[in-house]
Amino acid sequence: MSDHVAHALAGVGGGVVSLFLTYPLVTISQRLQVQKDSNSKRAYKNGRHALRKIYKDEGVRGLYSGLNSAVFGIALTNGTYYYFYEWTKDRFKKLSKTNRPINVFESMAASAVAGAFTVLITNPVWVVNTRMTTRKDSLDADPSTSSSAAKSRPAGTIETVLRILHHDGVSAFWQGVVPALILVINPIIQYTVFEQLRTYWRKFKKLGNFDFFLLGAISKLAATGLTYPYIVVKSRMQLRQDDATVRYRSTLHGLREIYIHEGISGLYKGITSKLLQSVLTAAFLFMCKEALFEFTVSLLTKIRARKITN
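To convert, note that position 197 of the sequence shown is 396 in our numbering; the numbers rise steadily by one, no gaps.
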């Protein structure tokens, strides 16, 4: 098994663990992103209010809506991303014929290649997940009738897939793919910052789990803060046709419509919970991934050694 596969497996494990730990924040941020009328009596006022309201109306299950599709999505996303990221890095190292760390340009290029492959392969999974976490009966539920619609059984993954096919067709699985491709710049910023900080810090000390936690947090904070308006547009474009009052013809049209009707704050709806979720997820991801990678490599080395002795 190559190091590329070891990195991919470590990324899958780290991603699943970090997602489970922070998933309620994913639900909260996505519901705030797609909420257009903030003055409605049923609207979420902020992340804390959303947390209380979702828990009251839907219970813990509501905070974990779409978790199954998200776990599959993050496993596929991280596995694909880390495999192509490490593969591209390896190509650069072979071309340079040295053992030097990759530079900023090479890190950005590796992130771009890996990100583009990942978006095209995994977009259908995230469309399904967005539909499940922002299901209309949850967003529109009347508190006075919370025992009916709001607490009704949420649609499962297969049921959601069939609904998308029936109502919107196959093309709906790639709604929001353009802003998602633009958002490839998010991991480019994230992994470039991470790689350069890691290379710098290694000059002074041996990095431990907390160091990787901190590096992951800093790199994701920079990336999400700069690209958040595109995240809002992507989430809204992935909604079911009937759930959106305005259909965005393109990414730029979406940005313009949100700015005109909701102001600059509309482009940053849910950013507090999203930043908290993204930073914590990235921090746990990098910490778990590095630990899992070392464990995987150590395990593979022992297995290979046993095969040689036998």
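All C-beta atoms, glycine included, are put in the ideal place defined by N, C-alpha and C.
query	result
Can you tell me whether V369 is buried or exposed, with buried defined as 16 or more other CB within 10 angstroms of its CB?	exposed
Quick one: grab the DSSP three-state call for F219.	helix
Distance check for E305 and S477, CA to CA, integer angstroms please.	24 angstroms
Indicate the three-state DSSP secondary structure (helix, strand or coil) for S228 in the structure shown.	helix
For L262, which option in T276, G246, L275, I273 has the closest C-alpha, if you only look at C-alpha atoms?	G246
Give me the Cβ distance between F485 and F412, rounded to the nearest whole Å; I'm assuming they're in contact under 8 angstroms.	7 angstroms
Mark A504 as exposed unless 16 or more other C-beta atoms lie within 10 angstroms of its C-beta, in which case mark it buried.	exposed
State buried or exposed for F494, treating a residue as buried only when at least 16 other CB atoms are found within 10 Å of its CB.	exposed
Give me, in chain order, the residues of the same chain whose beta-carbon lies closer than 8 angstroms to that of V360; leave out the 5 immediate sequence neighbours on both sides.	V327
CA-CA distance, D336 and E257?	The pLDDT assigned to D336 is 49, lower than 50, so where the model puts this residue is not dependable, and the model offers no usable value.
Pull up the distance between the alpha-carbon of G465 and that of L499, whole angstroms please.	49 angstroms
Could you tell me the distance, in whole angstroms, from the CA atom of I502 to the CA atom of E489?	20 angstroms
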